[in-house]
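Numbering (the working numbering), first residue to last: 719 to 888.
This is the structure:
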């Protein structure tokens, strides 16, 4: 790429353009002049990248040095504060994770509990019909769990696909 003076100027028209750029491609160590569109399409770059390279280059095929990261960050937390936080964390007593403790119990969230079972357990006056419905419900629950476990075992095979759908009544 080289800068050349404008070939023609018009008196009636004033322009900010002060020079023309000529673009070259090296073929067998011979410089061949090509148009700007050819350079853009051959290198698959945008006008902006070509303009940046043309205006910012300091030497042949070399652009200027990147100055990002040379100045200290304005929003960085001070090293003194980071040190104080680190010392505070080091002073805290080390306690084993709740996953490692033998006495921990798994909390079952209320939303995962069966509303029918919860309603039956909280009902203090249970009729014979309620008990019969509850026993039938438990049998259905066990059967569904058994079928689901069998589907899980079979799903590892290539010719079987299992999907579980959770439906919620509103």
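Beta carbons: idealized from backbone N, C-alpha and C, even for Gly.
For clarity, every value in this text was computed on a predicted model and none was experimentally measured.
With a floor of 3 residues, list each beta strand (DSSP E) that falls wholly inside the segment 724 to 803, ordered by position along the chain. Whole beta strand (DSSP E) segments, 3+ residues: 737 to 745, 748 to 752 and 775 to 777.
Assess, as a yes-or-no matter, whether the segment 833 to 845 is touched by the segment 860 to 867 under the definition of 3 or more beta carbon pairs within less than 8 angstroms. no
For residue 757 and residue 738, believed in contact at Cβ under 8 angstroms, the rounded distance: 14 angstroms between Cβ atoms; not a contact.
In its own chain, which residues sit with a C-beta less than 8 angstroms from the C-beta of residue 888, not counting the 5 before and 5 after it? Residue confidence is low: residue 888 scores 46 on pLDDT, short of 50, so the model does not pin down where it sits. Its coordinate-derived value is still stated next. There are no such residues.
Spatial distance of residue 795 from residue 767 (CA atoms): Whole-angstrom Cα-Cα distance: 36 angstroms.
Straight-line Cα distance separating residue 855 from residue 849: Approximately 10 angstroms, taken between the alpha carbons.
Close beta carbons around residue 720, own chain, < 8 angstroms, minus the five adjacent residues each side: Around residue 720: 739, 740 and 742.
Tell me, please, which residues DSSP counts as bridged to residue 720. 740
Proximal residues to residue 852 (C-beta, below 6 angstroms), its chain only, five neighbours per side dropped: 838
DSSP state of residue 835 mapped onto helix, strand, coil: Helix.
Following the continuous alpha helix (DSSP H) through residue 812, name the residue where it begins and the one where it ends. No alpha helix (DSSP H) holds residue 812; DSSP gives it neither H nor E.
How is residue 843 classed by DSSP in three states: helix, strand or coil? DSSP, read as helix, strand or coil, puts residue 843 in coil.
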